[in-house]
Amino acid sequence: MKFFIDTANLEQIKEAQALGVLDGVTTNPSLMAKEGITGKDNILKHYVAICNIVDGDVSAEVIATDFEGMVKEGEALADLHPQIVVKLPMIADGIKACKYFTDKGISVNMTLVFSAGQALLAAKAGATYVSPFIGRLDDISTDGLNLISEIRLIYDNYGYETEILAASVRHTMHIIDCAKLGADVMTGPLSAIMGLLKHPLTDIGLAQFLADYKKGN
Ligand code: G3P
1091 MKFFIDTANL
1101 EQIKEAQALG
1111 VLDGVTTNPS
1121 LMAKEGITGK
1131 DNILKHYVAI
1141 CNIVDGDVSA
1151 EVIATDFEGM
1161 VKEGEALADL
1171 HPQIVVKLPM
1181 IADGIKACKY
1191 FTDKGISVNM
1201 TLVFSAGQAL
1211 LAAKAGATYV
1221 SPFIGRLDDI
1231 STDGLNLISE
1241 IRLIYDNYGY
1251 ETEILAASVR
1261 HTMHIIDCAK
1271 LGADVMTGPL
1281 SAIMGLLKHP
1291 LTDIGLAQFL
1301 ADYKKGN
């Protein structure tokens, strides 16, 4: 399973990259705003800065909600850097724009996906990635992980190559469960990625090894 980090924070992206397990980055307008990155020029520069830190795909989201606007913005984003993936919202014009970009060989991430039907449409439009938001489904007492299973089944039934990018991942168990269910990618916060490291028996065992080594040296 590929690991993407879901942030626009350059320090956190660098930390995940330094760990050696990072395959890409996802961002959205809320994550940009959280880092205080505002204004079109600053946002575009920030995408380039992210691409210069990581080796993999970097999702950059359009703001337009009409086909022409999405095409114009998406083309400008794709021109920024070869690692940019154009992130489009799961609405009718987003699907049209998805087909437009993928026909031109430009990678697309369909975002704000909350149902299997939306994921089926994304695959039919040739999306590179589909982003089901599992945490936000959990927030409204709906099983986010079940959506991952449904999409996996549907994509495997027909051999769709669209990658399932589990998004709105909040914690370590989301990552582990997504891996069990066969999500191709997960995008989550640095805290969830680093949380995978933690086990008290590792810490106790290491302390014991070091103590025993000291006794004999
Ligand atoms: O990847 C989608 C993500 O940014 C949304 O996460 O935690 O705001 O639901 P969250």
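For the sequence shown, the working numbering begins at 1091 and goes up steadily by one.
Ideal Cβ placement from N, Cα and C applies to all residues, glycine included.
The beta strand (DSSP E) runs lying completely inside the stretch 1263 to 1301 and spanning 3 residues or more are 1275 to 1278, given in chain order. Nearest neighbour of L1170 by Cα position, chosen from N1307, A1273, V1148, turns out to be V1148.
Counted as a single uninterrupted DSSP element, the stretch harbouring K1194 is not any beta strand (DSSP E), since DSSP gives it neither H nor E. Taking the Cα positions, I1196 is about 38 Å away from K1288. Residue pairing for M1200: DSSP places it in a beta bridge opposite L1178, V1220. Residue pairing of G1114 in beta bridges, as defined by DSSP: F1094, D1147.
Counting only the Cα atoms, D1183 lies some 50 Å from T1292. In the DSSP assignment, I1244 falls within the unbroken alpha helix (DSSP H) covering 1234 to 1248.
Within the model, the alpha-carbon separation for D1233 versus K1305 is close to 52 Å.
Between L1211 and I1185, the beta carbon gap of about 6 Å places them in contact (Cβ cut-off 8 Å). In chain order, V1148, H1171, Q1173 place their CB closer than 6 Å to the CB of C1141, counting only its own chain and leaving out the 5 sequence neighbours on each side. In the structure shown, the three-state DSSP call for E1125 is coil.
Between the beta-carbon of D1229 and that of I1254 there is about 20 Å, and that puts the pair past the 8 Å contact cut.
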